[in-house]
Amino acid sequence: HIWQHVDRVLLMNYEGQIIADDTPNHILKHYEHLLSEYGVWHPNAWHYAPEPKHMAPSSIEPLFKFEHGAII
């Protein structure tokens, strides 16, 4: 995870105002809900992700063709 290489996190609100400036551990402990609300990935983000929807394919035709490193 990238968080192990970070020593400071600035958290801003929708208006661009700094609402927190602290260590990653402090930010995760006290502002995890805001990180999720703002769409910022964090180590516990998977707990907030919606359940995947498993849908049957609508057609047996592929959506695109891929050949020699290019979509054709």
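Residues 97 to 168, numbered by our numbering, are exactly what the sequence shown covers, in order.
Glycine included, every Cβ here is placed at the ideal spot set by N, Cα and C.
Note that the structure is predicted; figures quoted are calculated from it, not measured.
#### Entry: Exposure label - V102; buried when at least 16 CB within 10 Å
Here residue 102 refers to the residue found at position 6 when the sequence shown is read from its first residue. When all chains shown are included, V102 counts as exposed.
### Message
Please list the terminal residues of the continuous beta strand (DSSP E) segment that includes I115.
### Response
Translated into the one-based positions of the sequence shown, residue 115 becomes position 19. First-last of the beta strand (DSSP E) with I115: I114 to D118.
### Query
Which residue from T119, L124 and A145 puts its Cα closest to that of R104?
As a working mapping, residue 104 is identified with position 8 in the sequence shown. The residue with the shortest Cα to Cα distance from R104 is T119.
### Task
Tell me E163's beta-bridge partners as DSSP assigns them.
In the sequence shown, counting from the first residue as 1, residue 163 sits at position 67. Note: E163 sits in a beta bridge opposite A166.
### Message
Taking the beta strand (DSSP E) that V105 belongs to, which residues open and close that run?
### Response
Taking the first residue of the sequence shown as 1, we reach residue 105 at position 9. Secondary structure note for V105: its beta strand (DSSP E) is the uninterrupted segment V105 to M108.
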